[in-house]
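Asks: Numbering (our numbering), first residue to last: 58 to 362. I'd like to ask some things about the structure below.
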Amino acid sequence: MDMAHEDSFAARLDGAARDVAALLAALLSETPLEGEIGRPPHLMQAMRHGVLNGGKRLRPFLVIETVRMLGGPRDAALRVAAALECIHCYSLIHDDLPAMDDDDLRRGQPTVHVAFDEATAILAGDALLTMAFDILAAPETHLPDQARLALIGQLSRAAGVGGMVGGQALDLHAERVAPDEAGIVRLQAMKTGALLRYACAAGALTSGADAQTLARMTRFGEIIGLAFQLADDLLDVTSDAATLGKAAGKDAGRGKGTLVSLHGVDAARARLDTLVQEAAVLLEPFGDAGHTLVETARFIASRDR
């Protein structure tokens, strides 16, 4: 991409991240909502530590940009994006626990279980998980009931046993029994790909898109998920902790197989190029409106952290 486009994309990504962070900060207030009895301050502090700690907010950005491309409502897009980010951040808090990936750093900061304690980290993740569905169901998410129901239903499937959580279970099992290539692909599609696919599908649902557009954006999300995981695996073997903001080489150290370890760095980079091309072709019907999402695919494929 040329410098003008790069600056424009970076500004759009940063702007969306700020907007989502501002909404999340408001949603994570210590003031109880109607129907809540109280919000323990210590728990709220841990939740904020796990959510308001920077990050590119890529999943929310995919929601927001899909809605923008399709001409949907931005206010609703922000709330859907915030709900998805609650799910993502809860998963990071739990993944970092000693019983899981046992990480001390996340986005260059102490993980929640290090900054607080393990029990509080578990509860913070639990609370963020349930808050996500509260956000989608709330009347402040101004969407038709059918759209909100579809968003909730698809998020349940993407985040649950058949998606992200199931993928984490497969990932833990892979430390004991190395999966074959098909197993690696399924694991990654569930653990990482499911929420990225949902982000793009959610943007279509928020916009009231037809079935054909929903299917197209769902496929775009699948491609984004594949590219993200390939890029992540490349970073795991080529970067250090200072660059990543977390421990590098974790998968290699645990003996986990990846597509990079199977086929090599050059093959992975070639596959990334192909995925970006596929993503661009998928969005051709949207013309210039799809430019930022195509740039997002390129950004994911070439990211260095």
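Each residue gets a CB set at the ideal place from its N, CA and C atoms; glycine is no exception.
In this structure, how does DSSP classify Pro201 when only helix, strand and coil are distinguished?
Replies: Here residue 201 corresponds to residue number 144 of the sequence shown, with the count starting at 1. Coil at Pro201, not helix or strand.
Asks: The alpha helix (DSSP H) that contains Val218, what's its start and end?
Replies: Residue mapping note: residue 218 aligns to position 161 of the sequence shown, counting from 1. Run containing Val218: none; DSSP gives neither H nor E here.
Asks: Mind checking whether Thr177 and His99 have CB atoms under 8 Å apart?
Replies: Numbered from 1 along the sequence shown, position 120 holds the residue referred to as residue 177. Numbered from 1 along the sequence shown, position 42 holds the residue referred to as residue 99. A contact, by the Cβ cut-off of 8 Å.
Asks: Which residues in the same chain have their Cβ closer than 8 Å to the Cβ of Leu185, if we skip the five residues on either side of it in sequence?
Replies: Within the sequence shown, residue 185 is the residue found at index 128, counting from 1. Closer than 8 Å at the Cβ level, and outside the excluded window around Leu185, lie Met104, Gly107, Val108, Cys143, Ile144, Cys146, Tyr147 and Ile150.
Asks: According to DSSP, is Arg125 helix, strand or coil?
Replies: Locating residue 125 in the sequence shown gives position 68, counting from the first residue. If DSSP states are grouped into helix, strand and coil, Arg125 belongs with the helices.
Asks: Alpha carbons only, please: which of Asp183, Thr270, Gly112 and Ala327 is nearest the one belonging to Thr123?
Replies: As a working note, residue 123 is residue 66 in the sequence shown. The option with the nearest alpha carbon to Thr123 is Thr270.
Asks: Answer yes or no: does any C-beta atom of chain B fall closer than 8 Å to that of Pro130?
Replies: No chain B is part of this structure, which consists of one protein chain only.
Asks: Quick one: is Leu319 buried, meaning 16 or more other Cβ sit within 10 Å of its Cβ, or exposed?
Replies: Translated into positions along the sequence shown, residue 319 becomes position 262. Exposed is the call here.
Asks: Return the chain-ordered list of same chain residues with a C-beta closer than 7 Å to the C-beta of Gly111, the five sequence neighbours on each side being excluded.
Replies: As a first step, residue 111 must be located in the sequence shown, where it is residue number 54. Closer than 7 Å at Cβ, skipping near neighbours: Arg164.
Asks: Determine which residues share a DSSP beta bridge with Pro167 and list them.
Replies: Counting from one through the sequence shown, the residue named residue 167 turns up at place 110. Answer by DSSP bridge pairing, in chain order: Leu162.
Asks: So, under 8 Å CB-CB, Ala207 and Leu262 are touching, yes? Tell me the CB distance rounded to an integer number of Å.
Replies: Position 150 of the sequence shown, counting from 1, holds the residue named residue 207. Position 205 of the sequence shown, counting from 1, holds the residue named residue 262. Their Cβ separation, rounded to whole angstroms, is 5 Å, which keeps Ala207 and Leu262 in contact under 8 Å.
Asks: Can you tell me whether DSSP reads Ile94 as helix, strand or coil?
Replies: Stepping through the sequence shown from its first residue, residue 94 is reached at position 37. Ile94 falls in the coil class under three-state DSSP.
Asks: What alpha helix (DSSP H) runs, 4 residues minimum, are completely inside the region 263-301?
Replies: The region 263-301 contains these whole alpha helix (DSSP H) runs: 268-295 and 298-301.
Asks: Report the three-state DSSP secondary structure of Lys303 (helix, strand or coil).
Replies: Along the sequence shown, read from residue 1 onward, the residue named residue 303 stands at position 246. Because Lys303 sits at a pLDDT of 46, beneath the cut-off of 50, its placement in the model cannot be relied upon, and the point is left open.
Asks: Mark Ala268 as exposed unless 16 or more other C-beta atoms lie within 10 angstroms of its C-beta, in which case mark it buried.
Replies: As a position in the sequence shown, residue 268 is number 211, starting the count at 1. It counts as exposed.
Asks: Spatial neighbours of Gln211 within its chain, please: CB distance less than 8 Å, with the 5 preceding and 5 following residues excluded, ordered by chain position.
Replies: Sequence index remark: in the sequence shown, residue 211 carries index 154 (1-based). Cβ within range, chain order: Tyr255, Ala258, Ala259 and Leu262.
Asks: For a test of the three-state rule: what should DSSP assign to Glu87, helix, strand or coil?
Replies: As a position in the sequence shown, residue 87 is number 30, starting the count at 1. Three-state DSSP puts Glu87 in coil, outside helix and strand.
Asks: So is Gln203 buried or exposed if we call it buried at 16+ other beta carbons inside 10 Å?
Replies: Indexing the sequence shown from 1 puts residue 203 at position 146. The residue is exposed, with fewer than 16 neighbouring Cβ atoms inside 10 Å.
Asks: Going along the chain, which residues of its own chain have a beta-carbon closer than 8 Å to the beta-carbon of Arg360, five neighbours each way excluded?
Replies: Counting from 1 along the sequence shown, the entry for residue 360 is found at position 303. Closer than 8 Å at Cβ, skipping near neighbours: Ala288 and Leu292.
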